[in-house]
Structures are given as C-alpha cells and as structure tokens.
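Colleague: Sharing a structure here in structure tokens format.
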C-alpha cells in the first residue's frame, strides 16, 4: 500500500515537470513516463518518494538492469536517503544475480560501507536468499568480516547466509566458532553458527568440545537444542556424547528431551552407554509419545547385542498407549529376525487377538521374519 501511494503521489506531482522531449515521446512509457524520464527523476529529483517511484518504474519496465543499471547502482551507493538506498537493494534482490551481474559485488560493498543499519541489514538479507547462494560463495571472507557488524540484525542475516552456504563457508569457520562461543553475541547468530559448524565442520577438533559445552544447562534452551542436534550428527565415538544425551532425556524442557531422543537415534549402536535412560523412558507412559517413538527405534538398533532391548520392545509392542509406537516396536522386533525369538509368542498373540487391523498385520509380518 505504501508503494502504491508513492507512485500515485509521484505521478500526480510530476505531471507538469515537462521532462519529455520529442525523442522521449517515441519511447514506451511505464507508469506514465518514459524510462529516460524515470532515470532523470532517480538521479535528480529532490523528493525521495519520487526517486523511490523511479526505482519501481525501472523495475516494472524491466530496465533496472539494462538502461537503468548505472542509475540504480548510483542510487544504491550515493543516494542521501536511507529509504531509497534500501529500495535499491531490494530491487537488486528481486532482479537476481543472473540478470543483474554486478549485484553481488555492489551488495557486498554496501554491506561494508553503508552507514545505515537498515540498509546493511537489507543487503545481508538479499545475500542470504537462495538466489544469491552461488555468487555469495566468492565472497565468504567478506561475509565473515560482516559478522563483526555492530548491528545485530545484519549479523543475524549474515550468519544465515553462511549457514546456507554450508561447507563452502569454510573460510568463515574460525569466525563462526568465535560467534558461537560468545555469550554476548545475539542468540540467533550463535544458533546459526552452531548449525553451520555442526553440519559442516565435523572433522574440526574444535567442534565436539564446543557442542558438548553449549549443550550444557548454563546455556539458553535454543542454543542447547541445536548443540544437542549437532552431537547426534557428529560421528565421534566419544562416550561423552551418549552420556550427555542420556542426561538430556531427564530435562523438564520437552524440546530438549525431544532433541536428545532424536540425537540418540542418529547415534545408532553408539548410543549403548545411554541404554539405562533409554529403557526407562521407553517404559514411561508419562513421557511424550514422539520421544518414546524415537527411543523405540534406538532400542531396535541396540537389540542386536542387548537382550534387555528386546524385552523393552516386546513390552512396548503389547502395552504402549500409542498405536504408532506399538507398530514401531513390532517392526523393530521383526527387523531383528531370529534374534527376537523371545518375542515370538507375544507377537503371535497380538497377531491373533489385537482389535486393530494395522497392529495385527504388523505382528503377523514380524512373526514371519522371526520364524522364517
């Protein structure tokens, strides 16, 4: 609505300006003016609303990246109005780097030189968009430097851009480690930094200690959650990981318990040291159903070498309050094959008597897998 008002005001007020020449009349008009007129307005008009209207007109006329390119760049870099410079950034973002070739270069320049927090943040948000993912790979060092920007909104956007780049953000990893561990840094920046490092810096010797530290109870819940997720992805054989995740199952915060259960499911057989806690929560009817489901899957993996896991799965197959969880337990027992022979009698009874057809079908299949 604001832009519509801008255009309407601009067009009404500009009508007597008389910028059109005989040559201009031959040009196709956009919003009542020729492209040449809009370029002149963008470069010279004193009212920022008209310069904003000119930017939009160039975009609508599909000339912002053609005949209006130099005027657009000048507006981005030199216009005295924060609103005009921000609008120029957004126009470049909508055009995209494929059509506006110098787009990434000028955005990085704005990111480092513009005095307005609002404009720098707008540039960072455009850079963080999927459309700029490829050209941004050539400017990782510049983006890392921008993580030191005094404006928190800009830092948050840049951290998101680096997360989008994944492993290609590796030149920025040292800066991301610093940001992740800085208790004075904005939480959103720290979370984005941890997510990037947990996924793409697994082999760095600094990653595991960082995740273990940030998963600790003295940190904000959101940061702990992404650190816990990172521990599940890490791939290390360190027993410190399942030990910490087992403690995570005792958290009062539901999301932290869920994150711990999911992370344990990612560990597979490496979750063995956490078995006592897993067993307790599989059997706990007061525990969240989704958490029990994840832990049932972990029990299925551990059942290859742990008879207690088979007993826990059998109990869940018979009595879990969630039909989905009962089926999950039955499927895990079936996948264990002959290792789950002690569950065969219970599964046979379920296959014959359970009132739910889906449960009976799962049990029938599992019995055939156990007794081929």
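Numbering (this note's numbering), first residue to last: 4 to 375. Ideal placement from N, C-alpha and C gives every residue a C-beta, glycine not left out.
Just grab the DSSP bridge partners of residue 33 for me.
Modeller: As a position in the chain shown, residue 33 is number 30, starting the count at 1. Per DSSP, 36.
Colleague: Here's a check: name, in chain order, each residue in its chain whose Cβ is nearer than 7 Å to the Cβ of residue 309, leaving out the five neighbours to either side.
Modeller: Locating residue 309 in the chain shown gives position 306, where the first residue counts as 1. For residue 309, where only same-chain residues beyond five positions count, the Cβ hits under 7 Å are 278.
Colleague: Go ahead and pull the three-state DSSP assignment for residue 317.
Modeller: Mapped onto the chain shown, residue 317 falls at position 314. In the structure shown, residue 317 sits in a helix (DSSP, three-state: H, G or I).
Colleague: Taking just the CA atoms, how far does residue 38 sit from residue 30?
Modeller: In the chain shown, the residue the question calls residue 30 occupies position 27. In the chain shown, the residue the question calls residue 38 occupies position 35. Each residue's alpha carbon lies about 8 Å from the other.
Colleague: Locate the alpha helix (DSSP H) running through residue 154, then write down its first and last residues.
Modeller: One-based indexing of the chain shown puts residue 154 at position 151. Residue 154 -> no alpha helix (DSSP H), and no H or E assigned at all.
Colleague: Taking all protein chains shown into account, do 16 or more other C-beta atoms lie within 10 angstroms of the C-beta of residue 115, making it buried, or fewer, making it exposed?
Modeller: On the chain shown, position 112 is the one that residue 115 refers to. It counts as exposed.
Colleague: Assign residue 296 to buried or exposed, taking buried as 16 or more other Cβ atoms, counted over all protein chains shown, within 10 Å of its Cβ.
Modeller: Translated into the one-based positions of the chain shown, residue 296 becomes position 293. Looking at its Cβ environment, which holds 16 or more other Cβ atoms inside 10 Å, residue 296 is buried.
Colleague: Exposed or buried, what is residue 373 when buried is set at 16 or more other beta-carbons lying within 10 Å of its beta-carbon?
Modeller: Taking the chain shown and counting its residues from 1, one reaches residue 373 at position 370. So residue 373 ends up on the buried side.
Colleague: Determine the direct distance from the alpha carbon of residue 150 to that of residue 162, and round the result to whole angstroms.
Modeller: Looking up residue 162 in the chain shown gives position 159. Looking up residue 150 in the chain shown gives position 147. Computed Cα separation, rounded: 7 Å.
Colleague: Thinking just about the alpha-carbon of each residue, which of 371, 182, 364 is nearest to the one in residue 326?
Modeller: In the chain shown, counting from the first residue as 1, residue 326 sits at position 323. When each option's Cα is compared against that of residue 326, the closest is 364.
Colleague: If we call anything under 9 Å between Cβ atoms a contact, is residue 83 one with residue 60?
Modeller: What you label residue 83 is simply residue 80 of the chain shown in a count that begins at 1. What you label residue 60 is simply residue 57 of the chain shown in a count that begins at 1. Result no, Cβ atoms of residue 83 and residue 60 do not sit closer than 9 Å.
Colleague: Just curious, the alpha helix (DSSP H) that residue 176 is in, first and last residue?
Modeller: Here residue 176 is taken as the residue at index 173 of the chain shown, counted from 1. Here the alpha helix (DSSP H) through residue 176 covers 176-184.
Colleague: Would you kindly work out how many angstroms separate the C-alpha atoms of residue 318 and residue 298, rounded to a whole number?
Modeller: Translated into positions along the chain shown, residue 318 becomes position 315. Translated into positions along the chain shown, residue 298 becomes position 295. Computed Cα separation, rounded: 13 Å.
Colleague: If I measure Cβ to Cβ from residue 256 and keep anything under 6 Å in the same chain, skipping five residues before and after, which residues do I get?
Modeller: Looking up residue 256 in the chain shown gives position 253. For residue 256, where only same-chain residues beyond five positions count, the Cβ hits under 6 Å are 224.
Colleague: Residue 24 by DSSP, collapsed to three states: which one?
Modeller: By 1-based counting over the chain shown, the position of residue 24 is 21. Note that residue 24 has pLDDT 42, beneath the 50 cutoff, so the model's placement of it is unreliable and no number is given.
Colleague: Excluding the five sequence neighbours on either side, which residues of its own chain have a C-beta within less than 6 Å of the C-beta of residue 281, listed in chain order?
Modeller: In the chain shown, counting from the first residue as 1, residue 281 sits at position 278. These residues qualify, in order along the chain: 298, 301.
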